[in-house]
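When the letters of the sequence shown are read in order and numbered with the working numbering, they come out as residues 10 to 278.
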Amino acid sequence: SAFYRYIITVETILQHTMIFPDFELLDLSETEGKIYLTLLELGGGFVSAIARRANLPRVNCYHTLENLLKKGLVSFIAKEKGKYFSAEPPQKLVNILEEKRDYARGILPQLLSMTSALAFKPQIKYFEGMEGVKSILDDTLTAKSELFGYSNLKSVAELFGDFIDKYEERKFEKKIKTRIICPSSQEAFDYVKSYCPKDFPQELLEILYVNPKEFWFEHEILIYDNKVAVVSLSKDELIGMIFESKVYAQSQKAIFNLAWLGASSFIAL
């Protein structure tokens, strides 16, 4: 009866709906999956019959069949009434996946070489505001090797306050060795006593104080691993950046070591 045919059609659509997610993994749209399943069920048919069974507009059904033809999942035979479409065996879906897998494997070496080239591309990240500058300092705590650079500890203490107290505590917990060249001032001398943990391992921190009249700066440059961090220590210019480059970091390390050796002539007494 008509009612019975209606029930069968509804059940078929519900079954198709449950299978759609699997077809999406095969790069098939919802409509393509529905029509492919309909053809498997019918065993073949003209566009009008397929559209009626799939409950789709005839025009949409025809365009979808054309797409399935291009994908090799549908074939047709020309008859007097028009094109008679049939679905390719489900094994064809597996064959398509295997072809894609083989293609992906073939271009994998080229893709990996491109990835390797990009891995060495220098990266520059800019930061603004107090939270942005703090995030730069937080990143220095990821250092897997020595942390060294130039800083004005007087300005650091004035600008960051309690944050630096926690920063230094975490740095010593991670046992990150630090060497700093800093302009001399009473506040800079008091920095270690005020912000570094009591009885910290002396070998983890070296500060070389230089004459502030000759070497005064209001910024901080910290070098670690393959990164160079630059932070403004001015309240009116809270900006900073992290330059990630193995070559640049190595150059800055060499310059710092040279400055460390030469600065002994300018040590503030």
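Think of the CB as a built atom: it goes at the ideal place given N, C-alpha and C, for glycine as much as any other residue.
>> Classify residue 63: buried if its beta carbon has 16 or more other beta carbons within 10 angstroms, exposed otherwise.
In response: buried
> By the 10 Å Cβ neighbour count, where 16 or more other Cβ atoms means buried, how is residue 103 classified, buried or exposed?
Replying inline: Exposed, because fewer than 16 other Cβ atoms sit within 10 Å of the Cβ of residue 103.
> Taking the C-alpha atoms as reference points, what is the distance between residue 250 and residue 153?
Replying inline: 19 Å
> Which residue spans inside the region 104-168 form an unbroken alpha helix (DSSP H) run of at least 4?
Replying inline: 138-149
>> Taking the straight line between their C-alpha atoms, what separation do you get for residue 38 and residue 115?
In response: In this structure, the CA atom of residue 38 is about 26 Å from the CA atom of residue 115.
> Mapping DSSP to helix, strand and coil, what is residue 224?
Replying inline: coil
> Would you say the region 202-219 touches the region 132-147, given that touching needs at least three Cβ pairs under 8 Å?
Replying inline: With a cut-off of 8 Å, the region 132-147 and the region 202-219 do not count as touching, because too few Cβ pairs lie within range.
> Ends of the alpha helix (DSSP H) at residue 60?
Replying inline: 56-63
>> For a quick check, are the C-beta atoms of residue 238 and residue 204 less than 8 Å apart?
In response: Their beta carbons are not under 8 Å apart, which means residue 238 does not touch residue 204 by this criterion.
> How would you call residue 200, buried or exposed, if buried means at least 16 neighbouring beta carbons within 10 angstroms?
Replying inline: Burial call: buried.
> Alpha carbon to alpha carbon, what distance is there between residue 123 and residue 264?
Replying inline: If you take the alpha carbons of residue 264 and residue 123, they lie about 32 Å apart.
> Which residues in the same chain have their Cβ closer than 6 Å to the Cβ of residue 138, if we skip the five residues on either side of it in sequence?
Replying inline: 247
>> Which of the three DSSP states is assigned to residue 247 in this structure?
In response: coil
>> Less than 6 Å between C-beta atoms, sequence neighbours within five positions excluded: which residues of the same chain meet that for residue 14?
In response: Its pLDDT being 45, under 50, residue 14 is placed unreliably in this model, and the coordinates cannot settle the point.
> What are the boundary residues of the alpha helix (DSSP H) that residue 265 is part of?
Replying inline: 255-271
> Is residue 89 helix, strand or coil by DSSP?
Replying inline: Of the three classes helix, strand and coil, the one that applies to residue 89 here is coil, per DSSP.
> Rounded to whole angstroms, how far is the Cβ of residue 45 from the Cβ of residue 106, which I believe are closer than 8 Å?
Replying inline: Taking C-beta atoms under 8 Å as the contact rule, residue 45 and residue 106 fail to qualify, at a distance of about 15 Å.
> Of all the CB atoms in chain C, is at least one closer than 8 Å to the CB of residue 63?
Replying inline: Of the protein chains in this structure there is only one, and it is not chain C.
> Any idea if residue 48 is buried or exposed, counting beta-carbon neighbours within 10 angstroms, 16 or more meaning buried?
Replying inline: buried
> What residue range is occupied by the uninterrupted beta strand (DSSP E) comprising residue 215?
Replying inline: 214-219
>> Mapping the DSSP letters down to three states, classify residue 80 as helix, strand or coil.
In response: In the structure shown, residue 80 sits in coil (DSSP, three-state: anything other than H, G, I, E or B).
> To which residues of the same chain is residue 148 closer than 8 Å at the C-beta, ignoring the five residues directly before and after it?
Replying inline: Only residues of its own chain outside the window of five on either side were considered, and among them 236, 238, 251 have a CB closer than 8 Å to the CB of residue 148, listed in chain order.
>> Here's a check: name, in chain order, each residue in its chain whose Cβ is nearer than 7 Å to the Cβ of residue 172, leaving out the five neighbours to either side.
In response: 143
>> Using the three-state DSSP reduction, which class does residue 20 fall into: helix, strand or coil?
In response: Residue placement at residue 20 is poorly supported in this model, since its pLDDT is 46, which falls under 50; the coordinates are not used for a value here.
>> Is the separation between the beta-carbon of residue 68 and that of residue 91 shorter than 8 Å?
In response: no
> What residues in its chain sit with their C-beta under 8 Å from that of residue 206, if we drop five residues either side in the sequence?
Replying inline: So the qualifying residues of the chain are 177, 178, 181.
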